[in-house]
Amino acid sequence: MKNTKTKKIFFALLALMVSSSLLFLNPQTTLADLTSLSLSPITGGPYKAGGTFSVNIWAKTGGIQVDTIRASLTFPANLLEAQSVSLGSIYSAPSGGNYIDNNRGAIYWGAGAYGGTAADTAFATIIFKAKSAGTANVSFNADSLMISAGQAVPF
1 MKNTKTKKIF FALLALMVSS SLLFLNPQTT LADLTSLSLS PITGGPYKAG GTFSVNIWAK
61 TGGIQVDTIR ASLTFPANLL EAQSVSLGSI YSAPSGGNYI DNNRGAIYWG AGAYGGTAAD
121 TAFATIIFKA KSAGTANVSF NADSLMISAG QAVPF
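Numbered as in our numbering, the sequence shown ends at 155 without a single skipped number.
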């Protein structure tokens, strides 16, 4: 019995040392290198005026238990109109204060995951309508957040 317990402790410590050392293989690796919010598809179109298309917001957690995400995005209001935002299956508890402002070209959308998740996952899907011809860039603002146990996760 003692040998089994000793082996379990040994393997648990070994696994911890190996996983911790992976971060130190590249001394430049930071938590911000492992976590991100991104859009997919990155490019698309062309889309005709009046046509709709979807953009997914992806959350890469870097193995951190993230319980809340706030995505703050901008888009050219003269070219695009945000029709809707739908949450993914994991971050399904909407936060207060969510909005789409098509006059300013802004989306501010947040939600939580019950118990959090360390999985990389789709946070939400935005449906846009093309208003006119042109190249439209949708981008995250600096006030976008990933939160773990009340603390901001750098990305």
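We put the CB at the ideal spot given by N, CA and C, even for glycine.
Source: prediction; values computed, not measured.
With H, G and I counted as helix, E and B as strand and the rest as coil, what does DSSP make of residue i?
{"i": "L34", "result": "helix"}
{"i": "D101", "result": "strand"}
{"i": "S132", "result": "coil"}
{"i": "P94", "result": "strand"}
{"i": "S89", "result": "coil"}
{"i": "T43", "result": "coil"}
{"i": "A152", "result": "strand"}
{"i": "A142", "result": "coil"}
{"i": "A157", "result": "Outside the displayed range of the chain (1 to 155) lies residue 157, so it cannot be described from this structure."}
Going by DSSP, what residue range makes up the beta strand (DSSP E) through residue i?
{"i": "D67", "result": "66-74"}
{"i": "N78", "result": "No beta strand (DSSP E) holds N78; DSSP gives it neither H nor E."}
{"i": "I107", "result": "106-117"}
{"i": "T52", "result": "52-60"}
{"i": "I147", "result": "145-148"}
Here's the rule I'm using: 16 or more other beta-carbon atoms within 10 Å means buried, otherwise exposed. How should residue i be labelled?
{"i": "I90", "result": "buried"}
{"i": "T43", "result": "exposed"}
{"i": "T52", "result": "exposed"}
{"i": "A59", "result": "buried"}
{"i": "L22", "result": "Residue placement at L22 is poorly supported in this model, since its pLDDT is 42, which falls under 50; the coordinates still yield a value, given next. Answer is exposed; the Cβ neighbour count stays below 16."}
Check the C-beta distance from residue i over to residue j and give it rounded, since I have them as a contact under 8 Å.
{"i": "A130", "j": "P76", "result": "That belief does not hold up - the Cβ atoms of A130 and P76 are roughly 11 Å apart, past 8 Å."}
{"i": "L37", "j": "S144", "result": "6 Å"}
{"i": "V95", "j": "G112", "result": "In the sequence on display, residue 95 carries Ser and not Val. Yes, they are in contact, since the Cβ atoms of S95 and G112 sit about 7 Å apart, within 8 Å."}
{"i": "T68", "j": "F155", "result": "That pair is no contact at about 13 Å."}
{"i": "I147", "j": "V153", "result": "7 Å"}
Self-check item: Cβ pair count under 8 Å reaching 3, the stretch 51-71 against the stretch 111-131
Solution: yes
Quiz item: Three or more beta-carbon pairs under 8 Å between the stretch 96-112 and the stretch 67-81, yes or no?
Solution: Yes: the two stretches touch, three or more of their Cβ pairs being nearer than 8 Å.
Practice problem: Tell me, please, whether the stretch 123-133 touches the stretch 79-98 by the rule of three or more beta-carbon pairs shorter than 8 Å. | Solution: yes
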